[in-house]
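The sequence shown begins at 6 in our numbering and counts up one residue at a time.
Heads up, the thing below is written out as structure tokens.
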Amino acid sequence: MTSLQRVVEVADEVAATSSKRAKVAALAGLLRELEPAEVVPAVGMVVGKPRQGRTGVGWRTLRSVRPDPSPTASLSVLDVDAALDALAQAGGSGSAGVRTEALHGLLGRATAAEQDFLSRVLLGDVRTGALDAAVLDAVAAASGIPAPTVRRSAMLTGAVAETARLALTGSDLSEVGLTVGVPVLPMLAGTAASASEAVSTTGEASIEAKLDGARLQIHRIGGEVRAYTRSLADITDRVPEVVALVASLPGGDLILDGETLRLGEDGRAKPFAETMSRFGTYGEGQVGLSTFFFDLLHADGEDLLDEPLRRRRQLLAERVGPHLVPGEVSADPEVAERVLAESLAAGHEGIVVKGVDSTYEAGRRGKRWLKVKPVLTFDLVVLGAEWGYGRRQGWLSNLHLGARDPEGEFGPAGGFVMVGKTFKGLTDALLRWQTEYFPTIAVREEPGVVMVEPSTVVEIAIDGVQRSTRYPGGVALRFARVKRYRTGDDAKPVEESDTISSLRALLR
6 MTSLQRVVEV
16 ADEVAATSSK
26 RAKVAALAGL
36 LRELEPAEVV
46 PAVGMVVGKP
56 RQGRTGVGWR
66 TLRSVRPDPS
76 PTASLSVLDV
86 DAALDALAQA
96 GGSGSAGVRT
106 EALHGLLGRA
116 TAAEQDFLSR
126 VLLGDVRTGA
136 LDAAVLDAVA
146 AASGIPAPTV
156 RRSAMLTGAV
166 AETARLALTG
176 SDLSEVGLTV
186 GVPVLPMLAG
196 TAASASEAVS
206 TTGEASIEAK
216 LDGARLQIHR
226 IGGEVRAYTR
236 SLADITDRVP
246 EVVALVASLP
256 GGDLILDGET
266 LRLGEDGRAK
276 PFAETMSRFG
286 TYGEGQVGLS
296 TFFFDLLHAD
306 GEDLLDEPLR
316 RRRQLLAERV
326 GPHLVPGEVS
336 ADPEVAERVL
346 AESLAAGHEG
356 IVVKGVDSTY
366 EAGRRGKRWL
376 KVKPVLTFDL
386 VVLGAEWGYG
396 RRQGWLSNLH
406 LGARDPEGEF
416 GPAGGFVMVG
426 KTFKGLTDAL
436 LRWQTEYFPT
446 IAVREEPGVV
456 MVEPSTVVEI
466 AIDGVQRSTR
476 YPGGVALRFA
486 RVKRYRTGDD
496 AKPVEESDTI
506 SSLRALLR
């Protein structure tokens, strides 16, 4: 029986190294020790995706339920799995009390290190760097099965942990096949700095608009249509117009990969938030989602994963017609730059450049598909920082970010308007620095937050902005992450920080 302490030790070892080889070796060592029933829950804990999914426990509950840690380790992997089952199954009247009791019982048996780890598992904040690709390589190392076979099995089952269990219990992964109706892990794209660089890397490619919508995988089997998200959640009931579109396409059984989004009357893409707000609310008189497809994995009894993209795209065009994602096939960098400019002008995020000879693969970001999108940076002002939890317990972490409002459009002239929060990009050194520094410029404390003088400028990278009713400036940052503090020799006065109008100008 494997102890939770052993899982925590490996998770800490993996988090402490940037070497992928070292991560894989540590994970493989753990996998070899696990009993068959322990594989799925242990893998789920290490990657921060427990088998039970959401358990209904948030950070407020964790802050209120914190028994003294146990002086000795006694929990096993299966003990934790059973406790997570109890948390996930609690529902209805009195469920909050049931969860609190179950959580208190679990944490009361955990050591301090185990409490910290379990808190991060429950909050999806493990951050070991043990991404699916590293785990799959570890499964290959532990089982002796070739890594390509392991990755393909994970793609076809849609489950890394289940693939690990099959491999480690002697199942023949080569027999795992594509099944219409069973969602598969999506193929992902690497990143290139420019359209020209991307085409130079892939050679002749399908240069496609990168739509700012929700990725969907659609299965049609026997006339029935099912829709799955990027994370393989079934949302069929929430996208009736997408289901109706796929039901009307010619042919028999299908597996389609695509994107759905809202378009304005001018044909330009609406912000991502408007697409997500439309899910599940479509009715008479409402504008529906527009759907475009960029790949075909199965058609009329033929699995197409191993076919080159050139053929998959041709078969796809025959079936979806005007619903083919906009793009061109070319090896010319100038064409790629033009398609990028056209995509951005249409309100899309950028482009994805895909080698026409590429097969459909999942589990890692290679160079067969490369995404190109502009990265925007803004100098914003820190308005406050939240005390962290889990691994960041005792450190000031999540930053409150403000943009300058020189005209006083949204408050006092020369003040600052909050536009978002982020903890991404913060290294241990930055966490340590801001934990020491921000209390020295604190103006007040709120529950869990230290509000500070608006005197510190930080450079923030974003993918864009979206309309917001949460913040008074009507705009919120998308995928914000810290690049650097503008202090010391690189200092910038707050009077030169970016304004709310410069952010609002990015709204489509």
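Built from N, CA and C at the ideal position, the CB exists for glycine as well.
Item: Proximal residues to Leu-329 (C-beta, below 6 Å), its chain only, five neighbours per side dropped; Value: Ala-322
Item: As assigned by DSSP and simplified to three states, the class of Ser-8; Value: strand
Item: Ala-78 to Ala-143 span [Cα, whole Å]; Value: 26 Å
Item: Alpha-carbon to alpha-carbon, Pro-459 and Leu-178; Value: 57 Å
Item: Proximity test, Ile-240 beta-carbon vs the ligand NAP heavy atom, cut-off 7 Å; Value: In terms of ligand content, the structure shown is empty, and the ligand NAP therefore cannot be addressed.
Item: Burial state of Pro-153, where buried means 16 or more other Cβ atoms lie within 10 Å; Value: exposed
Item: DSSP three-state assignment for Val-13, whether helix, strand or coil; Value: helix
Item: Contact under 8 Å by Cβ, Gly-420 with Asp-433; Value: no
Item: Distance CB(Ala-197)-CB(Val-340) smaller than 8 Å; Value: no
Item: Segment contact flag, the stretch 184-200 with the stretch 59-75, C-beta cutoff 8 Å, min 3 pairs; Value: no
Item: Residue range of the alpha helix (DSSP H) that includes Tyr-442; Value: 433-442
Item: Whole-angstrom distance between Val-44 and Thr-174, CA atom to CA atom; Value: 10 Å
Item: Enclosing beta strand (DSSP E) for Asp-384 [first to last residue]; Value: 381-392
Item: Cα-Cα separation between Val-29 and Ala-95, rounded to whole angstroms; Value: 36 Å
Item: Same chain, Cβ closer than 7 Å to Pro-74, neighbours up to 5 away in sequence not counted; Value: Ala-115, Thr-116, Ala-117 and Gln-120
Item: Which of helix, strand or coil DSSP assigns to Met-192; Value: coil
Item: Residues that DSSP places opposite Val-463 in a beta bridge; Value: Leu-385 and Tyr-490
Item: Spatial neighbours of Val-15 in its chain, beta-carbon cut-off 8 Å, leaving aside the 5 residues before and after; Value: Ala-31, Leu-32, Gly-34, Leu-35 and Val-51
Item: Helix, strand or coil at Gln-319 according to DSSP, with G and I counted as helix; Value: helix
Item: Residue range of the alpha helix (DSSP H) that includes Phe-484; Value: Where Phe-484 is concerned, there is no enclosing alpha helix (DSSP H), given that its DSSP letter is neither H nor E.
Item: Rounded Cβ spacing between Val-422 and Tyr-476 (contact assumed at less than 8 Å); Value: 7 Å
Item: DSSP three-state assignment for Phe-415, whether helix, strand or coil; Value: coil
Item: Leu-254 to Trp-374 span [Cα, whole Å]; Value: 27 Å
Item: Sequence-distant residues of the same chain with beta carbon closer than 6 Å to Ser-507, five excluded per side; Value: none
Item: Given Ala-304 as reference, the closest of Val-499, Gly-257 and Leu-216 once Cα atoms are compared; Value: Gly-257
Item: Assigned exposure category for Gln-471 - 16 Cβ within 10 Å defines buried; Value: buried
Item: Residue range of the unbroken alpha helix (DSSP H) whose run includes Lys-275; Value: Segment: none, Lys-275 is in no alpha helix (DSSP H) and carries neither H nor E.
Item: Straight-line gap, Ala-47 to Val-82 (C-alpha atoms, nearest Å); Value: 6 Å
Item: Segment limits, alpha helix (DSSP H) that includes Ala-346; Value: 338-350
Item: Reduced DSSP secondary structure (H/G/I, E/B, other) of Asp-300; Value: strand
Item: Beta-carbon gap between Ile-505 and Arg-483 smaller than 8 Å; Value: no
Item: Gly-371, enclosing alpha helix (DSSP H) - first and last residue; Value: Premise fails: Gly-371 is in no alpha helix (DSSP H) and is neither H nor E.
Item: Leu-266 vs Ser-236 beta-carbon contact at 8 Å; Value: no
Item: Burial state of Gln-398, where buried means 16 or more other Cβ atoms lie within 10 Å; Value: exposed
Item: Check whether Leu-111 and Pro-55 have beta carbons under 8 Å apart; Value: no
Item: Cα-Cα separation between Pro-379 and Gly-393, rounded to whole angstroms; Value: 31 Å
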